[in-house]
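In the numbering used here, the protein residues as written are 1 to 138. Contents: one structure, followed by commentary.
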Amino acid sequence: MRIQDLLAQRAPFLLIDRIESLRIGEFIAAIKTVSINESFLRSNESIPDYMPNAIMLEALVQAASALVLSEDEHKGEVPVLESVSKARFLKEAIPGDQLRLEVEISKKKPGLVVFNGTVFLDVVSVVPSLLSKNIQKL
Numbered sequence: 001m002r003i004q005d006l007l008a009q010r011a012p013f014l015l016i017d018r019i020e021s022l023r024i025g026e027f028i029a030a031i032k033t034v035s036i037n038e039s040f041l042r043s044n045e046s047i048p049d050y051m052p053n054a055i056m057l058e059a060l061v062q063a064a065s066a067l068v069l070s071e072d073e074h075k076g077e078v079p080v081l082e083s084v085s086k087a088r089f090l091k092e093a094i095p096g097d098q099l100r101l102e103v104e105i106s107k108k109k110p111g112l113v114v115f116n117g118t119v120f121l122d123v124v125s126v127v128p129s130l131l132s133k134n135i136q137k138l
């Protein structure tokens with residue numbers, strides 16, 4: 001399944017390059033490769049360019065949205081981020097790094113989905129977090 005078929009975001013706001021694994025209604029693994037040409041990177045030569053923590057978290061949130069929208073029951077709905085908790089940023093991502101975004105659904109209620117999400121960098125968990133999304137009809 002193509003990421004563009006699931007999410008409304010387009011470049012430069014689309015932060016997922018490809019879906020590597022998808023179990024509809026359960027789990028998604030997506031890939032984001034950090035490029036030197038990213039619009040969010042700093043251009044100050046004295047400070048190394050790195051992907052801001054908020055952007056790394058947004059990539060994880062987009063993966064969670066793609067997981068929800070892959071289900072037929074949520075076609076045409078809009079997942080809205082309700083909360084993020086337990087997010088810890090353990091390492092910065094720099095150009096050339098490849099992030100693996102893994103999200104699994106931990107709880108579902110009508111209109112609400114709770115996820116466990118993790119960003120991996122070189123097989124190391126760099127952003128473990130708990131996300132919840134409110135699902136709204138258009």
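We treat Cβ as the ideally placed atom computed from N, Cα and C, and that holds for glycine. Model, not experiment: these values are computed from the prediction.
**Asked** Of all the options L112, S39, S21, which has the alpha carbon lying nearest to the alpha carbon of L14?
**Response** As a first step, residue 14 is located in the sequence shown; it is residue number 14 there, counting from the start. Closest option to L14, Cα to Cα, is S39.
**Message:** Using the three-state DSSP reduction, which class does L90 fall into: helix, strand or coil?
**Reply:** If you number the sequence shown from 1, residue 90 lands on position 90. Looking at L90 - three-state DSSP - the assignment turns out to be coil, as it is neither helix nor strand.
**Asked** From P110, K109, S129, M56, pick the residue whose C-alpha is nearest to that of D97; which is it?
**Response** Numbered from 1 along the sequence shown, position 97 holds the residue referred to as residue 97. Of the candidates P110, K109, S129, M56, the one whose C-alpha sits nearest the C-alpha of D97 is M56.
**Asked** Hey, R91 and V124 are a contact pair by Cβ (cut 8 Å); roughly how many whole angstroms apart?
**Response** Walking along the sequence shown from the start, residue 91 turns up at place 91. Walking along the sequence shown from the start, residue 124 turns up at place 124. Per the sequence shown, residue 91 should be read as Lys rather than Arg. Right, the Cβ-Cβ distance comes to about 7 Å (below 8 Å), so this counts as a contact.
**Spatial distance of V119 from G76 (CA atoms)** = In the sequence shown, counting from the first residue as 1, residue 119 sits at position 119. In the sequence shown, counting from the first residue as 1, residue 76 sits at position 76. Cα-Cα distance, rounded: 27 Å.
**Message:** What does the alpha-carbon distance come out to for the pair F89 and V126?
**Reply:** Numbered from its first residue, the sequence shown carries residue 89 at position 89. Numbered from its first residue, the sequence shown carries residue 126 at position 126. So the alpha carbons of these two residues sit roughly 6 Å apart.
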